[in-house]
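Trainee:
Numbering (my numbering), first residue to last: 10 to 269.
#1: Consult DSSP for residue 189 and reduce its assignment to one of helix, strand or coil.
#2: Between the Cα of residue 53 and the Cα atoms of 107, 133, 36, which residue gives the shortest distance?
#3: Three-state secondary structure (DSSP) at residue 74?
#4: Counting beta carbon pairs with one atom in the stretch 257-267 and one in the stretch 217-230, are three or more of them shorter than 8 Å?
#5: Contact between the stretch 155-165 and the stretch 88-104: three or more CB pairs below 8 Å?
#6: Taking 8 Å as the threshold (C-beta atoms), are residue 117 and residue 92 in contact?
#7: Would you grab the beta carbon distance between residue 42 and residue 31 for me? Rounded to a whole angstrom, and I think it's under 8 Å.
#8: Quick one: complete alpha helix (DSSP H) runs, 4+ long, within the stretch 20-68?
#9: Measuring CA to CA, which of 44, 19, 180, 39 is closest to residue 205?
#10: Measure from the alpha carbon of residue 36 to the alpha carbon of each residue in 167, 237, 20, 12, then state which is nearest.
#11: Based on Cα-Cα distance, which residue from 73, 188, 129, 183 lies nearest to residue 168?
#12: Could you tell me if residue 238 is buried or exposed, where buried requires 16 or more neighbouring beta carbons within 10 angstroms of its beta carbon?
#13: Just to confirm before moving on: does the CB-CB distance between residue 70 and residue 39 stay below 8 Å?
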């Protein structure tokens with residue numbers, strides 16, 4: 010089973026390049042790199058991230074740029090703004106290739122309950138897929154509660170209007186925040202599910218380290234494995250969702266010991 014962790018779990022206390030030593034010391038071999046700034050996607054900082062990935066013998070399959078700063082504007086009808094944001098998107102794809110990642114975790118448009126232009130969204134997504142493919146990278150669209158991708162029907166409609174290959178990331182906590190059952194997403198994602206952001210939950214908090222709540226991980230793992238045997242599972246929580254790094258280690262052991 011491909012279990013890993015996102016560097017985002019250590020934000021904002023630890024610089025992204027420095028999280029890799031911690032991640033390795035806990036015992037992880039797989040991690041997702043979350044670029045917390047544009048400077049982390051180029052130049053000396055990107056080189057340092059790549060250097061530490063190799064130094065600590067980590068595998069990177071997915072990257073996740075800080076999306077709110079530019080991704081919604083990739084769908085802007087004002088060409089100059091859209092093209093400027095495409096440059097940022099391409100920078101992220103180039104960085105993904107440098108780190109050896111295959112997938113770019115994508116949020117996309119902010120949620121707009123009044124206007125949902127399916128054909129325009131599909132057209133833009135096709136274009137972004139083509140840009141990403143220049144770097145041997147694929148988009149893995151995530152079900153973020155405050156984005157358009159939280160609506161399975163919208164995702165399905167966009168899929169049906171696209172020509173390029175599109176993949177998906179299921180985020181457990183975001184499904185909870187959207188008031189959706191994971192099956193609603195998996196029925197749309199089908200075998201294009203490649204990544205799951207895992208977190209636990211209880212009646213008081215919708216985002217905890219796995220093993221610290223009551224979420225049924227066996228169910229989600231079995232369902233996603235039936236769709237794609239190569240699907241990976243990345244722990245993604247916020248820094249205030251746990252105390253010390255030893256809790257992460259216990260959570261990792263919990264996931265590894267699941268009988269699935």
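Note that CB positions come from ideal geometry on N, CA and C, so glycine has one too.
Mentor: Let's see:
#1: In the three-state reduction of the DSSP assignment, residue 189 falls in the coil class.
#2: Here the closest residue by C-alpha is 107.
#3: Looking at residue 74 - three-state DSSP - the assignment turns out to be strand.
#4: A contact exists between the stretch 217-230 and the stretch 257-267.
#5: The stretch 155-165, when compared against the stretch 88-104, does not touch it at the 8 Å Cβ threshold.
#6: Pairing residue 92 with residue 117 gives a Cβ-Cβ distance that is not under 8 Å.
#7: 13 Å between Cβ atoms; not a contact.
#8: For the stretch 20-68, whole alpha helix (DSSP H) runs of length 4 or above, ordered along the chain, are 25-35, 52-64.
#9: Nearest C-alpha to residue 205: 180.
#10: Nearest in C-alpha terms to residue 36, of all of 167, 237, 20, 12, is 12.
#11: Per the Cα distances, 129.
#12: Residue environment analysis places residue 238 among the exposed positions, since fewer than 16 neighbouring C-beta atoms fall within 10 angstroms of its C-beta.
#13: Between residue 70 and residue 39, the C-beta gap is smaller than 8 Å, which places the two residues in contact.
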